[in-house]
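Residue numbers (this note's numbering): 28 to 316.
From the three backbone atoms N, C-alpha and C, an ideal C-beta is built for every residue, glycine too.
Report on the structure given below.
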């Protein structure tokens, strides 16, 4: 990856960032891909309709890599802050994280990954957002995927109701170290936080949202920690500083636990993975949502 540059003010139209779209959700028209940027061009853009939201962390962390839940919580907080403190024209983005907290126990983590109840077709219910580590081999991460972000949204409106990050700690030597990084956890979570906030992969090599990250084989394994011009342009377009100036929802988003079967989602789900090579995206939604 190219070395990170200083933060500044950028014009979105001069950049090639991609926004996550609802087009690939079941029942929606197929995606139309821009031949130059490879961005999806149709469907609603995915975004959080609130000023702030909460994120939760599995208290177990990753025993295999020796990363505690509290250490992971601090890293995720730092990763999300990189986006919410970006330098947009007129101020920071109009989105923030109210808090990043540890789940009280493993039962709460299971509930957090379950189906939300209630809601309507255009406005599904808010759901809990959680970071977990997968210390055993899983088919979720086939093809060299390092981490997956599942963004749940209204398939017509694009309004995000929750997002979960799952990190493959079984097959990647994750580290918190600045001096001898392998797969730098802060770099990985900064990339995944971009997906949480509605950004897709970009073709701009060196950007945090670039689709590949090769950990210790990168020229600068820590580069994804710092946003580049393309990343800042994207977050500032989705959440301009004046987004709520003329009214609108000013509420925060709190956690909500549900008891429906695991992985049975009633909203669109965008699985956005950071890979060592290439990219993979999967979408699933019940028809009519």
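Could you pull the start and end residues of the alpha helix (DSSP H) that residue i belongs to?
i: residue 214; result: 212 to 223
i: residue 317; result: This structure gives no information on residue 317, because the portion of the chain shown stretches from 28 to 316.
Could you pull out every residue in the same chain whose Cβ sits closer than 6 Å to the Cβ of residue i, ignoring the five residues on either side in sequence?
i: residue 69; result: 50, 59
i: residue 95; result: 88
Write down the C-beta distance between residue i and residue j rounded to the nearest angstrom, noting that I regard them as a contact closer than 8 Å.
i: residue 262; j: residue 75; result: In fact, because the Cβ distance is near 11 Å, the residues do not count as touching under 8 Å.
i: residue 209; j: residue 170; result: 19 Å between Cβ atoms; not a contact.
i: residue 185; j: residue 260; result: Residue 185 to residue 260, Cβ: 19 Å. No contact.
i: residue 225; j: residue 255; result: The pair is not a contact, with the Cβ atoms about 17 Å apart (cut-off 8 Å).
i: residue 77; j: residue 103; result: That pair is no contact at about 19 Å.
i: residue 356; j: residue 123; result: This structure does not reach residue 356, given that the chain is present from 28 up to 316, and the question cannot be answered.
i: residue 73; j: residue 187; result: 6 Å
i: residue 197; j: residue 161; result: 6 Å
Output the distance between the C-alpha atoms of residue i and residue j, rounded to the nearest integer angstrom.
i: residue 158; j: residue 182; result: 23 Å
i: residue 156; j: residue 248; result: 27 Å
i: residue 189; j: residue 63; result: 30 Å
i: residue 87; j: residue 163; result: 14 Å
i: residue 244; j: residue 204; result: 15 Å
i: residue 165; j: residue 91; result: 15 Å
i: residue 202; j: residue 57; result: 39 Å
i: residue 151; j: residue 246; result: Annotation note: pLDDT 44 at residue 151 (below 50); position unreliable, coordinate value reported separately. Rounded to whole angstroms, residue 151 to residue 246 spans 43 Å at the Cα level.
i: residue 320; j: residue 132; result: Any property of residue 320 remains undetermined from this structure, which presents the chain solely from 28 to 316.
i: residue 65; j: residue 53; result: 20 Å
In its own chain, which residues sit with a C-beta less than 7 Å from the C-beta of residue i, not counting the 5 before and 5 after it?
i: residue 229; result: 43, 44, 45, 236, 237, 257
i: residue 106; result: 213, 216, 217, 220
i: residue 251; result: 28, 214, 217, 218, 235, 240
i: residue 55; result: 49, 70, 182
For the beta strand (DSSP E) that residue i lies in, which residues bound it at each end?
i: residue 126; result: 123 to 129
i: residue 98; result: Premise fails: residue 98 lies in the alpha helix (DSSP H), 96 to 111, not in any beta strand (DSSP E).
i: residue 52; result: That residue, residue 52, is in no beta strand (DSSP E); it is neither H nor E in DSSP.
i: residue 189; result: 187 to 195
i: residue 158; result: 157 to 161
i: residue 81; result: 79 to 84
i: residue 180; result: 172 to 180
Using C-beta distances below 8 Å, list every residue in its chain close to residue i, excluding the 5 sequence neighbours before and after it, in chain order.
i: residue 199; result: 173, 209, 210, 242
i: residue 267; result: 115, 117, 120, 121
- Mind the definition here: the region 187 to 196 touches the region 111 to 130 only if three or more C-beta pairs lie below 8 Å; say whether that holds. no
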